[in-house]
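K.L.:
What follows is a structure written as structure tokens; I'll ask about it next.
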Amino acid sequence: MAEKRDFYEVLGVSKSASADEIKKAYRKLALKYHPDRNPGDKEAEEKFKEAAEAYGVLSDPEKKQRYDQFGHAGLGGAGGFGGAGGMGGMSMEDIFSQFGDIFGGFGGFGGFGSSSRGSRRTVTRGSDLRVTIKLTLEEIASGVEKKIKVHKAVPCSQCGGSGAKNSHAFKTCETCHGEGRVVQTHQSIFGMMQRVHVCPKCHGEGKVITESCPHCKGEGITYADEVISIHIPAGVEAGMQLSVAGKGNAAPRGGINGDLLVRVEELPHGEFQRDHQNLHYTLSVSYMDAVLGTNVEIPTLSGKARIKIEPGTPSGKLMRLRGQGFPSVQRGMPKGDLIVCLNVDVPKSLSKEEKAMLEKMREMSGFQVKAGRKEPGFFDRMKEYFK
131 MAEKRDFYEV LGVSKSASAD EIKKAYRKLA LKYHPDRNPG DKEAEEKFKE
181 AAEAYGVLSD PEKKQRYDQF GHAGLGGAGG FGGAGGMGGM SMEDIFSQFG
231 DIFGGFGGFG GFGSSSRGSR RTVTRGSDLR VTIKLTLEEI ASGVEKKIKV
281 HKAVPCSQCG GSGAKNSHAF KTCETCHGEG RVVQTHQSIF GMMQRVHVCP
331 KCHGEGKVIT ESCPHCKGEG ITYADEVISI HIPAGVEAGM QLSVAGKGNA
381 APRGGINGDL LVRVEELPHG EFQRDHQNLH YTLSVSYMDA VLGTNVEIPT
431 LSGKARIKIE PGTPSGKLMR LRGQGFPSVQ RGMPKGDLIV CLNVDVPKSL
481 SKEEKAMLEK MREMSGFQVK AGRKEPGFFD RMKEYFK
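Per our numbering: the sequence shown = residues 131 to 517.
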């Protein structure tokens, strides 16, 4: 599968482009590659869909923010979280329904209203569902498949979502004559102008039900539990929102399903603390081990690791294990590190014998504070760590 192009590149705008500039750029491309101008041209159709996908993300402040921060991985789709914000397999009808209004003409495209697309029906969309998934740091480090049960609107099993008792329980809408839309004409300084509105009688469907389905009372939807599998990619962070396209509530009478929006929550860990891609761990060692040096086994998210404590290592010393942190959801970014902070455990209770031994050691030259010697402070150790 080909890698998606940058959405700003698709629309030909910069990252600092305003909402109006983004809208104008999309309108220009959509008019250029509109199917009525390029009949039978598959390449033009793909460019039309690509522009609609880019506009669908960059015109939405929340999706645009996630895209700017994490790229395509923050939205989903073929290589990410399952179709967040993109077309996610939407048809041309869906695109016209969702974005056609920015053109202000019949069928969403001024100047193309007389074409066969002029009678396009309005497609309703089901509402999104929002859930929170709690993840351990181990699950985040490797990625995980989660199954959740949600109570949601689903197409009626009796009428298939149509809302009618059977396939004959419909008639053509008398208000719009089956078009799904009505045209209002008014005089302006530019001449006669037309405005197109969704038919108030059939709500854009072009037909009305003569006898409702007794199971769903004509709504076309009922409510049921559904188990949904969600792929959580490695490296997600608390507060990040993933999207599973089409797994939200069903729309009345055969519309487009909403999305399932999944908010990530991190469970507290008994040993580690997370700082974006880095992992922090506090290692406590005895005073003698800090003085004489030792080798210590420490936990990691994937198992165990051994580190060497050099003789004379002070408390607060920072040690780094490269690549033992979290992967990034952004493609091409390196993994984070495991940062180990050494904590020298000073005994608070001593026996008489232990105290006597330490009293003797205190008088020895090796335990005397050298004049003028300055141990590195916290910021000095941080500078050393980031060298």
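Note that CB positions come from ideal geometry on N, CA and C, so glycine has one too. Keep in mind that this is a model prediction, so the values were computed, not measured.
Cβ atoms of residue 284 and residue 380: under 8 Å apart, would you say?
P.N.:
Here residue 380 is taken as the residue at index 250 of the sequence shown, counted from 1. Here residue 284 is taken as the residue at index 154 of the sequence shown, counted from 1. Yes, the Cβ-Cβ distance between residue 380 and residue 284 is below 8 Å.
K.L.:
DSSP three-state call for residue 187: helix, strand or coil?
P.N.:
In the sequence shown, the residue the question calls residue 187 occupies position 57. Helix.
K.L.:
Just tell me which of 436, 291, 195, 168 has its CA closest to the CA of residue 454.
P.N.:
Translated into positions along the sequence shown, residue 454 becomes position 324. The shortest Cα separation from residue 454 among 436, 291, 195, 168 belongs to 436.
K.L.:
Buried or exposed: which applies to residue 488, given that a residue is buried once 16 or more other Cβ atoms fall within 10 Å of its Cβ?
P.N.:
In the sequence shown, residue 488 corresponds to position 358, counting from 1. When all chains shown are included, residue 488 counts as exposed.
K.L.:
If we ignore side chains and look at the alpha-carbon of each, how far apart do residue 490 and residue 483 end up?
P.N.:
Here residue 490 refers to the residue found at position 360 of the sequence shown. Here residue 483 refers to the residue found at position 353 of the sequence shown. Going by the C-alpha atoms only, they are around 11 Å apart.
K.L.:
Give the C-beta separation of residue 312 and residue 329 to the nearest angstrom, bearing in mind that I take them to be a contact with Cβ-Cβ under 8 Å.
P.N.:
If you number the sequence shown from 1, residue 312 lands on position 182. If you number the sequence shown from 1, residue 329 lands on position 199. Right, the Cβ-Cβ distance comes to about 5 Å (below 8 Å), so this counts as a contact.
K.L.:
From residue 299 to residue 351, what distance separates their C-alpha atoms?
P.N.:
Taking the sequence shown and counting its residues from 1, one reaches residue 299 at position 169. Taking the sequence shown and counting its residues from 1, one reaches residue 351 at position 221. Those two C-alpha atoms are separated by around 17 Å.
K.L.:
Roughly how many whole angstroms lie between the Cα atoms of residue 441 and residue 427?
P.N.:
Here residue 441 refers to the residue found at position 311 of the sequence shown. Here residue 427 refers to the residue found at position 297 of the sequence shown. Each residue's Cα considered, the two are about 17 Å apart.
K.L.:
From 261, 412, 316, pick the residue whose C-alpha is nearest to that of residue 276; which is it?
P.N.:
Within the sequence shown, residue 276 is the residue found at index 146, counting from 1. Out of 261, 412, 316, 261 has the C-alpha closest to the C-alpha of residue 276.
K.L.:
Would you list the one or two residues that DSSP bridges to residue 372?
P.N.:
The count along the sequence shown starts at 1 and reaches residue 372 at position 242. Partner(s): 392.
K.L.:
Inspect the beta-carbon positions of residue 451 and residue 467 and report whether they are closer than 8 Å.
P.N.:
Counting from 1 along the sequence shown, the entry for residue 451 is found at position 321. Counting from 1 along the sequence shown, the entry for residue 467 is found at position 337. Yes, these two residues count as a Cβ contact at 8 Å.
K.L.:
When we look at the beta-carbon of residue 353 and count the other beta-carbons within 10 Å, is it buried (16 or more) or exposed?
P.N.:
Here the question's residue 353 lines up with position 223 in the sequence shown. Under this definition residue 353 is an exposed residue.
K.L.:
Would you check if there are 3 or more beta carbon pairs closer than 8 Å linking the segment 377-395 to the segment 443-450?
P.N.:
Short answer: they don't touch.
K.L.:
Once the 5 residues before and after residue 423 are set aside, which same chain residues still bring their CB inside 6 Å of it?
P.N.:
Position 293 of the sequence shown, counted from the start, is the residue given in the question as residue 423. 439, 440, 441.
K.L.:
Could you compute how far the alpha carbon of residue 289 sits from the alpha carbon of residue 343?
P.N.:
Start at 1 with the first residue of the sequence shown, and residue 289 comes out as number 159. Start at 1 with the first residue of the sequence shown, and residue 343 comes out as number 213. Residue 289 and residue 343: Cα-Cα distance of roughly 6 Å.
K.L.:
When you compare each of 359, 389, 393 to residue 371 by their alpha carbons, which one comes out closest?
P.N.:
To locate residue 371, count along the sequence shown from 1; it is residue 241. Looking at the Cα atoms, 393 is the closest of the given residues.
K.L.:
Relative to the alpha-carbon of residue 433, which residue among 419, 303, 272 has its alpha-carbon at the smallest distance?
P.N.:
Position 303 of the sequence shown, counted from the first residue, corresponds to residue 433. Per the Cα distances, 272.
K.L.:
Buried or exposed: where does residue 449 fall if 16 or more other Cβ atoms within 10 Å of its Cβ makes it buried?
P.N.:
The residue labelled residue 449 in the question sits at position 319 within the sequence shown. The residue is buried, with at least 16 neighbouring Cβ atoms inside 10 Å.
K.L.:
Does the segment 164-172 come into contact with the segment 136-147, if we say contact requires no fewer than three beta-carbon pairs (one atom in each stretch) closer than 8 Å?
P.N.:
The segment 164-172 is not in contact with the segment 136-147.
K.L.:
Between 390, 364, 292, 398, which has its C-alpha nearest residue 123's C-alpha?
P.N.:
With the chain represented from 131 up to 517, any question about residue 123 goes unanswered, as that position is not in the structure.
K.L.:
Using the C-alpha atoms, what's the distance from residue 369 back to residue 264?
P.N.:
Working through the sequence shown from its first residue, we reach residue 264 at position 134. Working through the sequence shown from its first residue, we reach residue 369 at position 239. In a straight line, the C-alpha of residue 264 is about 11 Å away from that of residue 369.
K.L.:
Whole angstroms are fine: how far does the CA of residue 256 sit from the CA of residue 281?
P.N.:
If you number the sequence shown from 1, residue 281 lands on position 151. If you number the sequence shown from 1, residue 256 lands on position 126. Looking at the two C-alpha atoms, the distance is approximately 14 Å.
K.L.:
Can you tell me where the alpha helix (DSSP H) holding residue 335 begins and where it ends?
P.N.:
Working through the sequence shown from its first residue, we reach residue 335 at position 205. Unbroken run through residue 335: none, as it is neither H nor E.
K.L.:
Rounding to the nearest angstrom, what Cα-Cα distance links residue 139 and residue 367 in this structure?
P.N.:
Along the sequence shown, one-based indexing puts residue 139 at 9. Along the sequence shown, one-based indexing puts residue 367 at 237. Taking the straight line from one Cα to the other gives about 27 Å.
K.L.:
Can you give me the Cβ contacts of residue 95 inside the same chain, cut-off strictly under 6 Å, excluding the 5 residues immediately before and after it?
P.N.:
The requested residue 95 does not occur in the structure, where the chain is confined to residues 131 to 517.
K.L.:
Looking only at its own chain, which residues have a Cβ that is under 6 Å from the Cβ of residue 266, when we skip the five neighbours before and after it?
P.N.:
Translated into positions along the sequence shown, residue 266 becomes position 136. Correct list, in chain order: 397.
K.L.:
Mind checking residue 163: buried by the 16 CB within 10 Å criterion, or exposed?
P.N.:
Translated into positions along the sequence shown, residue 163 becomes position 33. It counts as buried.
K.L.:
Helix, strand or coil for residue 482? Go by DSSP, reduced to three states.
P.N.:
Locating residue 482 in the sequence shown gives position 352, counting from the first residue. Residue 482 falls in the helix class under three-state DSSP.
K.L.:
Could you tell me how far apart the beta carbons of residue 142 and residue 160 are, in whole angstroms, since I believe they sit closer than 8 Å?
P.N.:
Position 12 of the sequence shown, counting from 1, holds the residue named residue 142. Position 30 of the sequence shown, counting from 1, holds the residue named residue 160. So it is not a contact: roughly 13 Å between Cβ atoms.
K.L.:
Taking 7 Å as the cut-off, does the CB of residue 255 come closer than this to any heavy atom belonging to the ligand FMN?
P.N.:
For the ligand FMN, the structure offers nothing, since it holds no ligand at all.
K.L.:
Could you spell out the range, first to last residue, of the alpha helix (DSSP H) harbouring residue 272?
P.N.:
Taking the first residue of the sequence shown as 1, we reach residue 272 at position 142. Element bounds for residue 272: 267-272.
K.L.:
With DSSP as the reference, identify every bridge partner of residue 424, one or two as the case may be.
P.N.:
Along the sequence shown, read from residue 1 onward, the residue named residue 424 stands at position 294. According to DSSP, residue 424 bridges with 439.
K.L.:
Does the beta-carbon of residue 406 have 16 or more other beta-carbons within 10 angstroms, so that it is buried, or is it exposed?
P.N.:
To locate residue 406, count along the sequence shown from 1; it is residue 276. Under this definition residue 406 is an exposed residue.
K.L.:
Skipping 5 residues on each side, what residues in its chain have a beta carbon closer than 6 Å to that of residue 465?
P.N.:
Stepping through the sequence shown from its first residue, residue 465 is reached at position 335. Closer than 6 Å at Cβ, skipping near neighbours: 453, 455, 457.
K.L.:
Tell me the DSSP secondary structure of residue 137 in three-state form.
P.N.:
Numbered from its first residue, the sequence shown carries residue 137 at position 7. Helix.
K.L.:
May I ask you to report which of helix, strand or coil DSSP gives residue 487?
P.N.:
For this step, residue 487 is matched to residue 357 along the sequence shown. If DSSP states are grouped into helix, strand and coil, residue 487 belongs with the helices.
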